[in-house]
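Here is the structure we will look at.
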Amino acid sequence: MIKKITLAINFVILFLFSYSQAPDHVPYGDPEPVEFNLTNIILLIVLPVLMIIFYIIFRIKRNRKKKEMKK
193 MIKKITLAIN
203 FVILFLFSYS
213 QAPDHVPYGD
223 PEPVEFNLTN
233 IILLIVLPVL
243 MIIFYIIFRI
253 KRNRKKKEMK
263 K
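If you're matching positions, the sequence shown starts at 193 in the numbering used here and goes up one per residue.
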């Protein structure tokens, strides 16, 4: 019972701290979708995919080296 009360109090305090940090006088605009021109396609799709592929290749090579060193 004490744990539930403590947890509820912590959530209320966390909410108050996060709410108090929200800016009041900042102009908010309507979010617009991203235009798919060549630059955005390269930056938002191609580069992240290439980074993931290179990371996977790096991990595979590193694991093979470790296995060879243990033999």
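Yeah, the Cβ is synthetic: ideal placement off N, Cα and C, and Gly gets one too.
In the displayed model, M243 falls within a helix according to three-state DSSP. The three-state secondary structure of F228, taken from DSSP, is coil. A straight-line Cα-Cα distance of about 22 Å links L206 and H217. The distance from the Cβ of L236 to that of V226 is about 7 Å, consistent with a contact at the 8 Å cut-off.
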